[in-house]
Amino acid sequence: ELKVEQNPLFLSMQEGKNYTIYCNYSTTSDRLYWYRQDPGKSLESLFVLLSNGAVKQEGRLMASLDTKARLSTLHITAAVHDLSATYFCAGVLPGKIIFGKGTRLHILP
Amino acid sequence: NAGVTQTPKFQVLKTGQSMTLQCAQDMNHEYMSWYRQDPGMGLRLIHYSVGAGITDQGEVPNGYNVSRSTTEDFPLRLLSAAPSQTSVYFCASSWTLRGGSYNEQFFGPGTRLTVL
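Pasting the structure below:
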């Protein structure tokens, strides 16, 4: 059974600061996904990480994957208010895409 | 492309009533899934389908039925609604890749369901 754990679950940070969200998963996952959800909205895909050592970046967000440690990270550089949202990671078992509980990110001006 | 559509957007039911949440996609995706989202619980997989005629249970399937008669449609049926099924329901779809894994999922706008 695949379990996906994110931490922290809630993060309040100031604009301009850097921070990292962690995603641990319990068993081998073929790939790792990151999604963003704004309040009251649906989920939007950010990154798909395919293999060990994979790194993807878009704007101030960078995601990486370490399959040996079963760990993915989402790093935020010089945070801005527009990045306030809930971020989810998800792993894959055959047939099942399982999500973590999400990290609610609140960026203060 | 409309992407993934869900109807209705909002629904209020009384305990014991049944209803069907509709989900359709026009991207010819083989894989479709239903999640429920509750505060502090993230998204939990209810049922999924890897293609027309094939469905399977996810993490929290009790009280829900699904069918997949076409590639496009994946309705979710609540057999006898209970207050514990008050939630936001999301349908999602994605390509199935060679080797059996999945590409990124595209999510519908969600259905907010309240059971009184």
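These protein sequences, in sequence, are chains P and W. Note that this note's numbering has the first sequence beginning at 6, numbered continuously upward. Note that this note's numbering has the second sequence beginning at 359, numbered continuously upward. Heads up, the beta-carbon is just placed ideally off N, CA and C, and yes, glycines get one too.
Beta-bridge annotation (DSSP): I412(W) is paired with G409(W). The beta carbons of A410(W) and D384(W) sit about 15 Å from each other, so the pair does not count as a contact at 8 Å. Assignment of H80(P) by DSSP, reduced to helix, strand and coil, places it in the strand class. At a cut-off of 8 Å between beta carbons, L48(P) contacts chain W. The region 390-405 of chain W and the region 435-442 of chain W do not touch, with fewer than 3 CB-CB distances between them shorter than 8 Å.
Restricting attention to I412(W), W392(W), L371(W), the CA atom closest to the CA of T472(W) is found in L371(W). Inside the region 379-442 of chain W, DSSP marks whole beta strand (DSSP E) runs of 3 or more residues at positions 389-396, 400-409, 412-415, 422-424, 434-436, from first to last along the chain. Contacts with chain W at 8 Å (Cβ-Cβ) include G100(P). Taking C-alpha positions only, C94(P) is separated from T454(W) by approximately 19 Å. For F448(W), a Cβ of chain P is located within less than 8 Å of the residue's own Cβ. For L16(P), the secondary structure class from DSSP, reduced to helix, strand or coil, is strand.
The residue among P397(W), F368(W), N386(W), V408(W) with its C-alpha nearest the C-alpha of L379(W) is F368(W).
In this structure, C381(W) is the residue among C381(W), M377(W), T373(W) with its C-alpha nearest to the C-alpha of F465(W). Rounded to the nearest angstrom, the gap between the Cα atoms of G374(W) and E6(P) is 32 Å.
Interface annotation for the region 77-108 of chain P against chain W: F93, V97, P99, G100, K101, I102, I103, F104, G105, K106, G107, criterion Cβ-Cβ distance under 7 Å. The DSSP-derived three-state label of D87(P) is helix. E10(P) and N29(P) have their alpha carbons spaced roughly 5 Å apart. Of all residues in the region 374-408 of chain W, only S391, Y393, G398, M399, G400, L401, R402, L403, Y406, V408 place a beta-carbon less than 8 Å from a beta-carbon of chain P. In terms of Cβ geometry, T108(P) and P44(P) do not form a close pair [threshold 8 Å]. D35, R36, Y38, Y40, Q42: these are the residues of the region 19-44 of chain P whose beta carbon lies less than 9 Å from some beta carbon of chain W, given in chain order. Rounded to whole angstroms, the Cβ separation of S50(P) and E417(W) is 21 Å, and the two are not in contact under 8 Å. Closest by C-alpha distance to I81(P), out of R75(P), K61(P), T72(P), is K61(P).
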